[in-house]
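Following my numbering, the numbering of the sequence shown begins with 1382 at its first residue and continues without gaps. We put the CB at the ideal spot given by N, CA and C, even for glycine. Since the structure is predicted, the reported quantities are computational estimates derived from the model, not experimental observations. Presented below is the structure to which this report refers.
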Amino acid sequence: MALLQTHFYARTIQQSIGMNIILPERSEAWKTPPAVLYLLHGLSGDHTSWIRRSSIERYVMDLNLVVVMPDAHKSFYTDMAHGSDYWTFFSEELPIRILQWFRVSNERKNTFVAGTSMGGFGAFKLALGRPDLFSHAASLSGALDLAAHINDEWDKSKLRTFGAVFDSIEKVPGSENDLIHLVRNLKTVPETEFHVCCGVDDWLYGDSVRFREAAAEKGLHLSYEETAGAHDWDYWDRAIQRVLAWLPVEPIPPSGN
């Protein structure tokens, strides 16, 4: 396997961004193009977070899977009110770039998205907005109910972030960034499989519970787990192993078989 560290110019957001990609070991005996997992970081992270803070490289070493870890800055994977169009980049430009640059599967059944915290929000927003692209989506301690936090006490840094992304966090309820609102107003229940996992000591635990309830009411295909754990990499490093086991990814066969 290989770890590719790169920067490239993203036309949609008109700037260079960083991206890490884990490529599986290949052999002449293995002809099936690998599946793709877009693995998203949280608000305080970047494209290096999963590599530096978890053992994701070790966990996928025997899987026929490409793991794409791009930098989203503090965008919430959204076309920002006062900034760049990150939703358009992640939902349109990036998947096309990956297909152009790497020999990966172009089938929906082999295209997945997952993320932690802000990345969990991004993963589910992408899956709800592009059910034609993603077959599986996982949230690890995701910010799945931003509308519930409009009256929380935020520091100035986060308020500035919310202002840049949403114009104001008060504008989230009922908008395209209100995931529970999106679920409740789905005209057609997507075939996408969703997975929610969160530690019971996590400050975003309530978000996962409320999303599960909304998904159940709508009939969304969702598996749910809660265990001991907080909003930290100790929990996420354990949880990503269970997410990988949940994804329909084939192992790489031994060379010569």
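Taking C-beta separations shorter than 6 angstroms and ignoring five residues to either side along the sequence, the partners of Ser1430 in its chain run His1422, following chain order. Excluding residues up to 5 positions away in sequence, Leu1404 lie with their Cβ nearer than 7 angstroms to the Cβ of Ala1383 in the same chain.
Distance check between Glu1606 and each of Leu1521, Val1553, Glu1534 places Leu1521 closest, using alpha-carbon atoms only. Residue environment analysis places Ile1479 among the buried positions, since at least 16 neighbouring C-beta atoms fall within 10 angstroms of its C-beta. Going by beta carbons, Arg1511 and Pro1414 fall outside the 9 angstroms limit.
Ranked by Cα distance from Ile1561, the first of Arg1541, Ala1462, Ala1524 is Ala1524. As for any alpha helix (DSSP H) of minimum length 4 sitting wholly inside the segment 1544-1593, the runs are 1560-1565, ordered along the chain. In this structure, the alpha-carbon of Gln1395 lies about 25 angstroms from that of Phe1493. Beta-carbon to beta-carbon, Val1447 and Leu1420 are separated by about 10 angstroms, too far to satisfy the 8 angstroms threshold. Contact check for Leu1424 against Phe1457 passes: the beta carbons are separated by less than 9 angstroms. A direct Cα-Cα distance of roughly 14 angstroms separates Ser1472 from Asp1452. A residue is called buried when at least 16 other Cβ atoms come within 10 angstroms of its Cβ; Phe1389 does not meet this threshold and is exposed.
Beta-bridge analysis with DSSP links Glu1606 to Cys1578. Note that the C-beta distance between Val1546 and Met1461 is below 9 angstroms.
Taking 9 angstroms as the cut-off, the Cβ atoms of Leu1475 and Ala1391 count as close.
In summary, Leu1509 is buried, with 16 or more beta-carbon neighbours lying within 10 Å of its beta-carbon over all protein chains present. For Gly1399, the CB contacts under 8 angstroms within the same chain, skipping 5 residues up- and downstream, are Gln1386, Thr1387, His1388, Asp1427, His1428, Thr1429, Pro1451, Asp1452 in chain order. Going by beta carbons, Leu1585 and Cys1579 fall inside the 9 angstroms limit.
Taking the C-beta atoms as reference points, Lys1412 is found no nearer than 9 angstroms to Pro1629.
In this structure Trp1468 is buried. Its beta-carbon is surrounded by 16 or more other beta-carbon atoms within 10 angstroms. Val1564 and Ala1519 have their C-alpha atoms some 15 angstroms from each other. By the 16-neighbour rule on beta-carbons within 10 angstroms, Arg1593 is buried. Where Ser1430 is concerned, the enclosing alpha helix (DSSP H) starts and stops at 1430-1434.
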